[in-house]
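First to last, the protein sequences are chains A and B.
Note that the numbering used here has the first sequence beginning at 1, numbered continuously upward.
Note that the numbering used here has the second sequence beginning at 1001, numbered continuously upward.
Every residue gets a Cβ at the ideal spot worked out from N, C-alpha and C, and that includes glycine.
All values reported here derive from a predicted model rather than from experimental measurement.
Taking it in order: structure first as structure tokens, then the write-up.
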Amino acid sequence: MSIENPNNLYSEEEAFEEANKMKKLIDEGKASNYDEVEKIINQENKAFEEANKMREKIESGEAKDYNEAERLVEIEEQKTLLKQQIKELVANAEIILNSKEYQDPEQKKEQTKLLEEYRNKIAQLLNLPQEQIYILDLIKNNENIDKVVNESLGLKEKSSKEKEEEKNKQELDEIIKEVIEGNITIETIMKIMTNPKKYMELISSRIQDPKFQEYLKKNPDKIKAMVEKLNNFINKEKQAAVPEDVEKAKGLIKKEEGKGKESLFKKAGGWETAFVFGSFSLTMLLLLIFMGVFKIWEKATGWNLDVGGGKGKK
Amino acid sequence: MDQDFLNLLPEELKNIATDLYDIVLKRSLMRGYENLSEEDKAKMTEIFNSGTEEEKIDFLKTHFSDLQRYIIEETQKLMTELKKD
Chain A
1 MSIENPNNLY SEEEAFEEAN KMKKLIDEGK ASNYDEVEKI INQENKAFEE
51 ANKMREKIES GEAKDYNEAE RLVEIEEQKT LLKQQIKELV ANAEIILNSK
101 EYQDPEQKKE QTKLLEEYRN KIAQLLNLPQ EQIYILDLIK NNENIDKVVN
151 ESLGLKEKSS KEKEEEKNKQ ELDEIIKEVI EGNITIETIM KIMTNPKKYM
201 ELISSRIQDP KFQEYLKKNP DKIKAMVEKL NNFINKEKQA AVPEDVEKAK
251 GLIKKEEGKG KESLFKKAGG WETAFVFGSF SLTMLLLLIF MGVFKIWEKA
301 TGWNLDVGGG KGKK
Chain B
1001 MDQDFLNLLP EELKNIATDL YDIVLKRSLM RGYENLSEED KAKMTEIFNS
1051 GTEEEKIDFL KTHFSDLQRY IIEETQKLMT ELKKD
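Below, the structure is given as structure tokens:
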């Protein structure tokens, strides 16, 4: 903040720093005058701003990598510029429509001609036939401008269903990542347990992903290696002695799970475990399979999770 | 849906899924069993040898009330174990 003028938020330090920077650019021969220096600084600021926007896109999960973030920022800039140009033309058209000249029968023809020119310019900018431009609609609501600009750029506003699907997909990616990294939390397991149907459907659609199915078909050797490894683990575990009563209890639980609503556990009531067993066990199994599949593939091939539709390995 | 779902996976993986679930369930039940007194263990043997289905369910409901928690914890443990293996 300036000492002479406390309202000036541009501090003396900042002014000094900028002046030094400008001098340095001239000394280094990168600019021959202060106009050029200003141009360079503006370019640097713009690049810095863009880099920040890209970082935000990646951090928010909107873009999965740098290239996608760059593309999204570019589209946003294009959209902002186009919207600004359309808004200006629409504002001019509105002025004409509200003018005395437009109401005057003698001058109306000329004013209408002017309006048509604006309409034509808007159509050109949007790359649309003039007949499809409705000035009154554009004046009425800014959202209409957004809509035509989006359509012109081939962008479609995501429906709430699409947004929900995207959110769910990201959530599943996070779970798979936790599983692969071997740090799945109790909270995540609880989350799956309380809504097993949702996760079953999500995993089901992931398994049906053509890329995933193709990978399964094309890599029988890797499946074989994974099955062998898991079987070794299972066989070792089977050798551990278990009291007969525990085996019987296990058999009873599995039998009752298969009965679904008719399960005696469910009929007995009061035992929280009972009603989640069936669906939870299945979801859990599938997650385990996923874990096995991803774990071995990841180890054996350095496989990037993008193949399965997930996020890349960090 | 369960079967449709499993059918999307290679044949060999279906049995593995069942086996892994068995391990989790067995380990969870073992934890509950180890917490039983000798008297309750004897009672369990008696019920699981000659009791009705309802009596068995009732025993599990009363004496393995933490089973749900054990299953969650054992699932987490197994996933971590397999990752390390």
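Three or more pairs of CB atoms, one per stretch, sit closer than 8 Å, so the segment 85-105 of chain A contacts the segment 124-136 of chain A. DSSP places residue 1025 of chain B in the uninterrupted alpha helix (DSSP H) bounded by 1011-1034. Closest in alpha carbon position to residue 251 of chain A, among B:1063, B:1022, B:1054 and B:1014, is B:1022. Interface flag for residue 231 of chain A against chain B is set, since a Cβ pair is found closer than 8 Å.
In the three-state reduction of the DSSP assignment, residue 208 of chain A falls in the coil class. By the beta-carbon neighbour count (other beta carbons within 10 angstroms, threshold 16), residue 55 of chain A is exposed. Assigned with DSSP and collapsed to three states, residue 134 of chain A falls in coil, not helix or strand. 237, 242, 243, 245, 246, 248 and 249: these are the residues of the segment 237-249 of chain A whose beta carbon lies less than 7 Å from some beta carbon of chain B, given in chain order.
Excluding sequence positions up to five before and after residue 74 of chain A, its CB lies less than 7 Å from no other CB in the same chain. Comparing alpha-carbon positions, the option among A:244, A:234 and A:239 lying closest to residue 1082 of chain B turns out to be A:234. Out of B:1052, B:1018, B:1074 and B:1080, the CA that lies nearest to the CA of residue 1032 of chain B is found in B:1074. By the neighbour-count definition (other C-beta atoms within 10 Å, threshold 16), residue 1048 of chain B is a buried residue. Per DSSP, reduced to three states, the secondary structure at residue 63 of chain A is coil, with no helix or strand assignment. B:1028 is the residue among B:1016, B:1011, B:1076 and B:1028 whose C-alpha sits nearest the C-alpha of residue 1068 of chain B. Counted as a single uninterrupted DSSP element, the alpha helix (DSSP H) harbouring residue 126 of chain A occupies residues 105-126. For the options B:1025, B:1016 and B:1062, the alpha carbon positioned closest to that of residue 257 of chain A is the one of B:1025.
Three or more Cβ pairs closer than 8 Å define a contact, and the segment 240-247 of chain A meets that threshold against the segment 1030-1046 of chain B. Distance from residue 85 of chain A to residue 128 of chain A at the Cβ level is roughly 14 Å; contact not present, criterion being Cβ atoms closer than 8 Å. Restricted to the segment 29-81 of chain A, the alpha helix (DSSP H) segments that are unbroken, complete and at least 4 residues in length are 34-59, listed in chain order.
Residue 202 of chain A is outside the set of residues whose beta carbon lies under 8 Å from a beta carbon in chain B. Among the CB atoms of chain A, one or more fall inside 8 Å of the CB of residue 1056 of chain B.
Distance from the CA of residue 167 of chain A to the CA of residue 1062 of chain B, rounded to the nearest whole angstrom, comes to 40 Å. Taking CB atoms only, residue 1019 of chain B has a neighbour in chain A less than 8 Å away. Among the residues facing chain A, residue 1026 of chain B is included, as its CB has a counterpart in that chain under 8 Å away. Identification of chain B residues near residue 175 of chain A by a Cβ-Cβ cut-off of 8 Å yields none; the smallest Cβ-Cβ distance measures about 11 Å. A Cβ of chain A is located within less than 8 Å of the beta carbon of residue 1012 of chain B.
Counting along the chain, residue 186 of chain A sits inside the alpha helix (DSSP H) bounded by residues 186-194.
Rounded to the nearest angstrom, the Cβ distance from residue 1072 of chain B to residue 193 of chain A is 7 Å, consistent with a contact under 8 Å. For residue 182 of chain A, no alpha helix (DSSP H) run applies, since DSSP gives it neither H nor E. Counting other Cβ atoms within 10 Å of its Cβ, residue 15 of chain A stays below 16 and is therefore classed as exposed.
Across the segment 80-95 of chain A, no CB contact with chain B closer than 8 Å is found for any residue. Nearest to residue 111 of chain A by alpha-carbon distance, out of A:122, A:121 and A:93, is A:93. Listed along chain A, no residue sits closer than 9 Å to residue 1038 of chain B by beta-carbon distance, the nearest being about 12 Å off. For residue 172 of chain A, the nearest beta carbon of chain B is not closer than 8 Å to its own beta carbon.
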